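Encoded as structure tokens, the structure appears first; notes follow it.
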Amino acid sequence: MGRHKTSPGNTYPLGARVEEGGVNFSLFSKHAERVELLLFDEPTGEPTEVISLEPKVNKTYHYWHVFVHGIGSGQIYAYRVYGPYKPEKGHRFDGSKVLLDPYAKAIVGVETFDRELAKRYGVDNCRQSLKAVVVDTRNYNWEGTTHPRIPFSKTVIYEMHVAGFTKRENSGVSKEKRGTYAGLIEKIPYLKDLGITAVELLPIHQFDVKDVVNPQLENYWGYSTISFFAPHRQYSYDKSLMGPINEFRDLVKAFHKAGIEVILDVVFNHTSEGDERGPTISFKGIDNSVYYLLDEKNPAKYKNFSGCGNTFRANHPVARNLIIDSLRYWVSEMHVDGFRFDLASILGRDLLGEPKLITSVLAQIEADPVLAGTKLIAEAWDAAGLYQVGEFINHSDWFAEWNGPFRDDVRRFVRGDNRTVRNLAARILSSSDIYTKPDREPNRSIHFITCHDGFTLADLVSYSRKHNEANGENNRDGCNENYSANYGIEGPTTDPYISALRERQMKNFWTILLLAQGTPMINMGDEMGRTQWGNNNAYCQNNEISWVNWDDLKRNQGLFRFARGLIHFIQSLDLFQQEKLLKTEENSEEPYLIWHGVKLYQPDWSDYSHSIAFTLHHPKKGEFLHVIFNAYWESLQFQLPTPPHGKKLYRIVDTSAPSPHDFYEVDRAIPVNSEHYLVHDRTCVVLIAK
């Protein structure tokens, strides 16, 4: 007789739900022969009670369920699942392993979890395993805050790492809160002042920090998910059982009070359990062949479309439901505003791994009523060569995409490569050559120059090649083609000419990013010249390489002033908040863009052209801009258009000018009293009529 009375329980909902008088537990396993529910008083102890689920009483179809009376929120629990260990048939049951509930909403034992022990078949890992906590998410006080629901046309995204933003001593965050959800709250005024409307947080689902190639390092980025429901405990200042949940909700509430949305980077394409050599933590031991794509010819092997050892079988009905349930939970209970789907193309692969985008879980996500109104952003490729940039937008009504070609083509143009002007023009007009759907919203193209994966903006203009030696993989990891340049010296320099040119190039990138039609995304710290010393794959660098150095804000005050000013400038104009593609012919009604070269109406599309100009005009709003991009290594004289009647041209931006003369607010803009403008080499100029 156990300590607690039990009843058969119900199949729904999966996971652990607090009800009157106790907790209902439900777990899916098609191929299990026996299941035990383990109850614990502490994370590292032995179970205080083992409840065997009897198939005739506690199993309906493939759902194992039980209601335990007299327990509630705060109860620690886990499972042992017994069945065949036949890898050749896809089964990897191991009754010696204590397993995490796939629906766990809070996790304990992260400090003592032994990843290596979890890899050893037949070895009990109870004391060093991860365990779930029963949570009751009701009764949190949201203080009346709601989703800001900012349209893409008014959105500026800031991709950031929760811990890395405040981890350094010079962050100004109180010592005990550095690197936590609570610490990030203290930095919201900075982001608000910068002009950010949405933060895109690198993964905050619970992940395994020891899922790395080099055991001396830690997984920093977080693309090694253990649980799709639980917030990462190591980011919580509050170490209580419910601490991570409530502290994360405090963070979301604080962002919403500031009018800033919260987007989560979610990793449903693989888990931290790795391949056949990886640990048994949860899915692998509960029902391996259900949750993972296996090699049909050799089910002991995993298909590896993720590049991380396994591929989550996202379109199996049970896995599909889990993904939907996770997203709904984060929206309804945690109030997040959207999701960026890592390697989203994997989620479009069917049960055999073949691409079936339209009938996949992605279509279900888009049509889900709970998720309606959230921002859905796809990384439209995977690690196995499936490249679908354009497909998500062209075949859906709601998904946005990371625009990889924007990144590459803008980098090549600014660097001075040949055959780039025509592609640059397409990127400025929201890549209509890629996104061919005629009625699409242009701002569903997410524009970025840099992101977490790759060089920072400062490194993009300081290094001609990657420097990932600190990762311990002999510099083999990370992308080799970065379209970067060092302009004379590899890495840091005191040469005044090179330093000035690098700063100018960073400002050129900022100008193109913000003036192109689409939604801009900024990489954490690029506004202050953050460097990773040439490391373009800092996934395992939970240290000063990755953390924001707030002294950069003082060292690069001119760059910060420029970036902040330009963000607020575009936010003040209707021209940059259009929900339809700009017209490319002059008219008196709708906003339009007209291309020019050094002479008006004569753009040079040749392979060896390195400059382009364009006029933006919003007749109804009276907004008129003339923009010039000169990536050539010599100065060029550009003919200027005649502004609307009664107005003159004024200079807002000239990236060749030293700070603070590189950017002027509209009311302080410098008059241009000529029909031509001499644009210096590698310079962007923005003029406004007023």
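Per this note's numbering, the sequence shown runs over residues 9 to 698. For glycine and all other residues, C-beta sits at the position ideal for the given N, C-alpha and C. Note that the structure is predicted; figures quoted are calculated from it, not measured.
- According to the DSSP assignment, L522 belongs to the alpha helix (DSSP H) that extends over P504 to L523.
- In the assembly as shown, W150 is an exposed residue. Its beta-carbon has fewer than 16 other beta-carbons within 10 Å.
- Every beta strand (DSSP E) stretch that sits fully inside the region 13 to 92 and reaches 3 residues is listed by chain position as 23 to 27, 30 to 36, 42 to 48, 57 to 61, 71 to 77 and 84 to 90.
- For R176 and D216, the gap between their C-alpha atoms comes out near 22 Å.
- If you draw a straight line from the Cα of V26 to the Cα of A114, it comes to about 14 Å.
- By the criterion of a C-beta distance shorter than 8 Å, P95 is surrounded in its chain by E284, P307 and A308, once the five residues flanking it on both sides are discounted.
- According to the DSSP assignment, L465 belongs to the alpha helix (DSSP H) that extends over L465 to L468.
- Taken through DSSP and simplified to helix, strand or coil, D273 comes out as strand.
- By the beta-carbon neighbour count (other beta carbons within 10 angstroms, threshold 16), D467 is buried.
- Secondary structure note for K139: its beta strand (DSSP E) is the uninterrupted segment K139 to V141.
- The distance from the Cβ of V274 to that of F349 is about 6 Å, consistent with a contact at the 8 Å cut-off.
- Look at the beta carbons and you see the region 423 to 437 not touching the region 536 to 550: under three pairs across the two are nearer than 8 Å.
- With at least 16 other beta carbons inside 10 angstroms of its own, Q83 counts as buried.
- Shown here, H213 sits in a strand according to DSSP, grouped into three states.
- By the neighbour-count criterion, in which 16 or more other beta carbons inside 10 Å mark a residue as buried, T120 falls on the exposed side.
- In the three-state DSSP reduction, T367 falls in the helix class (H, G or I).
- N254 and F263 have their C-alpha atoms spaced approximately 14 Å apart.
- DSSP lists V693 as the bridge partner or partners of D662.
- About 16 Å separates the CB atoms of E41 and I59; that is not less than 8 Å, and the two are not in contact.
- Distance from the CA atom of K38 to the CA atom of R328, rounded to whole angstroms, is 15 Å.
- Inter-residue distance for G180 and T174 is about 8 Å (C-alpha atoms, whole angstroms).
- If you look at K383, you'll find it in the beta strand (DSSP E) that goes K383 to A386.
- A residue is called buried once 16 or more other Cβ atoms fall within 10 Å of its Cβ, and E498, having fewer, is exposed.
- Around the beta carbon of R484, fewer than 16 other beta carbons sit within 10 angstroms, so the residue counts as exposed.
- Judged by DSSP secondary structure, S340 falls within the alpha helix (DSSP H) whose first and last residues are P325 to S340.
- Every alpha helix (DSSP H) stretch that sits fully inside the region 221 to 280 and reaches 4 residues is listed by chain position as 251 to 265.
- Q586 sits in coil when the DSSP states are folded into three classes, being neither helix nor strand.
- A Cβ-Cβ distance of about 21 Å is found for the pair T592 and F160, leaving them out of contact under the 8 Å criterion.
- Under the three-state reduction of DSSP output, V298 falls in the helix class.
- Under the three-state reduction of DSSP, M532 is assigned to coil, being neither helix nor strand.
- Annotation for G203: V164, R572, I575, H576 and Q579 place their beta carbon closer than 8 Å to its own, counting only its chain and skipping 5 residues before and after.
- One Cα belongs to T56, the other to H460, and the distance between them is close to 44 Å.
- Residue G293 holds the alpha-carbon nearest to the alpha-carbon of Y129 among H618, H278, S682 and G293.
- Around the beta carbon of T458, a 10 Å sphere encloses 16 or more other beta carbons of the protein chains shown; the residue is thus reported as buried.
- For Y189, the three-state secondary structure derived from DSSP is helix.
- Counting along the chain, N638 sits inside the beta strand (DSSP E) bounded by residues E631 to N638.
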